[in-house]
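Scroll down for the structure; my scribbles are underneath it.
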Amino acid sequence: MLEKEEDILKQDAREVNLNAETIREMKIYNAMRSGVAQGKKRSQRRFYSYGAGAVLATAAAIFLIFFSIGLPAGDTGDSDLGGSAQAASTKSWDDFAAYRNQPLHNRLVADILERDLIKPVRQSATNKGFRMNVDGAVTDGRKVYILFSVQNDTDTEVIPADTKIQFGDFEVPYPHRGAALEMAYDSDSRIQPGQSKDFIYSTNYPASIAYSKDVKFTLILTGTSDQALTSSSNKYRTALEVSFELDPARFKDQERTLSVNRTLTVDGQKIKVLQVQYTPLNTYVDLEYDKANTKRMFSLLNPVLIATTGSQIDKLVYPGRITADNSEVYKDHSQATLVFRHTGLNQPDSASLKIAGISALEPDRMKFVADLNKQQIIEAPTDDFEMVTSKQEHNATADEILLRRKVANLSYYTDSQGAVQAEYTGTWLDDNFTDANGQVHERTNRETALHNFGGTTISIDGTGIDEMSLSFDSQAADYPQPLTISVERIWNPILETQSIELFSKK
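Sequential numbering of the sequence shown, starting at 3, is according to the working numbering.
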């Protein structure tokens with residue numbers, strides 16, 4: 003890693019430490035998720051892993067960010083979430099001064115705001131004593147950012163519970179993958195009576211939908227009492243809905259798309275770089291994985307995009323990613339997009355892409371086969387998993403096996419807030435498992451937490467320990483053994499530095 007890049011990473015690690023106190027906010031969020039799950043059963047495990055699981059400098063810190071979780075279907079007698087009334091915002095207009103006067107958690111939005119690219123909206127919605135003021139928004143037809151505030155004029159403390167967004171006639175379906183709601187600069191998501199809080203919503207613009215400037219954004223608030231957080235009833239929730247115009251082609255004259263169609267080959271796996279798109283918001287590199295590849299591709303390791311114009315060189319590092327796992331843009335894993343920061347060199351003389359390798363694995367290895375009665379792992383995706391035998395001290399049951407592995411050679415990426423994060427190294431398991439007779443069962447979550455076990459601890463040198471529970475359900479030990487559970491994603495770095503010239507005017 004270059005010295006400059008390492009300094010950036012260390013700075014981000016320090017900032018992660020400074021935000022460690024926000025962990026308490028996740029307790030409220032987890033309680034809310036528990037209540038939502040009771041209202042309508044949903045498969046959630048696979049959608050909450052993006053950007054989580056790895057902690058820089060061994061700090062157990064979480065940026066305050068809420069991924070849309072979807073509301074439960076209420077009981078027949080529930081009150082309707084409707085009733086929101088829209089009008090021009092009565093908030094004193096100050097040219098985004100509230101967002102400019104304090105450092106935004108989201109660095110990407112801070113940069114966009116500094117370059118005066120966010121379009122004022124100034125529309126509000128009111129319902130049951132709450133007011134949402136949508137201050138501004140911006141899109142380049144690929145990413146969407148909305149700045150808004152919530153005023154609480156009731157005597158009840160609330161927090162954001164969910165979001166919805168509609169583009170023209172297309173409402174983005176659950177589970178709203180890639181959508182995130184975060185605090186603008188505060189560290190407490192609870193909105194006290196008489197208080198106002200500023201937020202930033204971001205999502206990916208859906209691909210292949212009819213062109214429309216019409217956007218409808220909905221925020222749902224919920225009370226923070228135990229009853230409100232654990233209830234599936236809509237009577238504890240309030241919806242605020244604002245419609246406004248947002249032109250996905252606004253920057254069309256400032257965009258530049260360069261067709262590439264060049265192929266990187268790593269460990270025999272082919273990755274085609276389709277195009278590079280420069281917009282005033284970001285730089286996008288669209289990829290396609292060859293369907294003839296023998297391994298399932300998870301990610302590229304430390305991709306760097308290098309653009310040159312004359313003697314000027316702009317090296318873009320730590321991109322975000324758009325994949326089928328974290329967005330509605332792609333429906334399968336054959337395509338992905340690297341989202342680099344904006345560069346002023348949008349008409350470079352040349353550009354190249356360099357990577358340190360890939361994370362990938364053969365599809366037939368993506369499973370665990372375990373015998374709970376023998377407490378034995380028969381097959382594992384990789385050879386570096388070790389069984390933890392001290393189950394009792396961690397409050398583990400007979401229906402699970404505790405596993406630990408060492409991780410290294412981490413890749414880094416930019417999260418939705420513009421902060422550098424370590425690659426997620428945990429293992430994503432399927433929601434179902436199969437017993438020895440071929441009967442399919444649904445996995446259930448643990449009712450109580452494990453003691454001092456689970457998750458990933460990463461040190462600044464890129465090494466660490468990943469711990470996981472191979473859990474099934476409370477009757478799993480009585481099923482015909484062994485049990486097989488599929489793996490959807492796993493960290494398996496293959497180091498092989500490769501670079502490719504994307505284009506050159508020479």
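No residue lacks a Cβ here, since even glycine has one placed at the ideal position from N, Cα and C.
Since we're looking at a predicted model, the values are computed, not measured.
Check, Outcome
"Nonlocal neighbours in the same chain, by C-beta distance under 7 Å from P321, ignoring five residues either side", "P305, L340, V341, F342, Y415 and T416"
"Which residues DSSP lists as bridging K514, in chain order", "Lying before the first or after the last residue shown, residue 514 is absent from the chain, which here runs from 3 to 508."
"Exposure of W95, with buried meaning 16 or more beta-carbon neighbours within 10 Å", "exposed"
"Boundaries of the alpha helix (DSSP H) in which R2 is found, first to last residue", "In this structure the chain extends from 3 to 508, so residue 2 is not present and cannot be described."
"Boundaries (first-last residue) of the beta strand (DSSP E) holding D228", "D228 -> not in any beta strand (DSSP E); alpha helix (DSSP H) instead, spanning D228 to T232."
"Alpha-carbon to alpha-carbon, K293 and K369", "21 Å"
"Per-residue burial, D463 [other beta carbons within 10 Å of its own, 16 or more giving buried]", "exposed"
"Spatial neighbours of H396 in its chain, beta-carbon cut-off 7 Å, leaving aside the 5 residues before and after", "L404, L452, H453, N454 and F455"
"Counterpart residues of I222 in DSSP-defined beta bridges", "D164 and A241"
"Touch test, the stretch 478 to 487 against the stretch 374 to 382, Cβ-Cβ under 8 Å, three pairs minimum", "yes"
"Alpha carbon of D433 to alpha carbon of V275, nearest angstrom", "33 Å"
"Spatial neighbours of D216 in its chain, beta-carbon cut-off 6 Å, leaving aside the 5 residues before and after", "G170"
"Exposed unless 16 or more other CB atoms sit within 10 angstroms - verdict on Y213", "exposed"
"Pairwise C-alpha distance: R407 and T391", "14 Å"
"M470 versus R264 - alpha carbon distance", "39 Å"
"Every unbroken beta strand (DSSP E) inside the stretch 446 to 508 [3 residues or more]", "457 to 460, 466 to 473, 485 to 491 and 495 to 506"
"L363 versus D288 - alpha carbon distance", "22 Å"
"Assigned secondary structure, A127 (DSSP; H/G/I helix, E/B strand, else coil)", "strand"
"Buried versus exposed, by CB contacts within 10 Å (16 or more), D334", "exposed"
"Test item: CB-CB of I502 and L355 under 8 Å", "yes"
"Neighbour-count burial assignment, I315, 16 or more Cβ in a 10 Å radius", "exposed"
"For Q441 and K199, the rounded distance between their alpha carbons", "50 Å"
"Host beta strand (DSSP E) of R264 (start-end)", "R258 to V268"
"Span of the beta strand (DSSP E) around N103", "Run containing N103: none in the beta strand (DSSP E); it sits in the alpha helix (DSSP H), A99 to N103."
"7 Å CB neighbourhood of S91 in its chain, flanking five on each side removed", "R124, Q125, S126 and N135"
"For Y279, the first and last residue of its enclosing beta strand (DSSP E)", "Reading off the sequence, residue 279 comes out as Gln, not Tyr. That run of the beta strand (DSSP E) goes Q271 to Y280."
"Contacting residues, own chain, Cβ-Cβ under 7 Å from G138 (five flanking each side not counted)", "F98, I120, K121, P122, V123 and L149"
"Residue from T486, E449 and T465 with nearest C-alpha to S476", "E449"
"Beta-carbon gap between I161 and T226 smaller than 8 Å", "yes"
"Cα-Cα separation, P365 to S191", "41 Å"
"Alpha carbon of K272 to alpha carbon of T165, nearest angstrom", "38 Å"
"Given A209 as reference, the closest of G359, V146 and R239 once Cα atoms are compared", "V146"
"Three-way DSSP call (helix, strand, coil) for E388 in this model", "strand"
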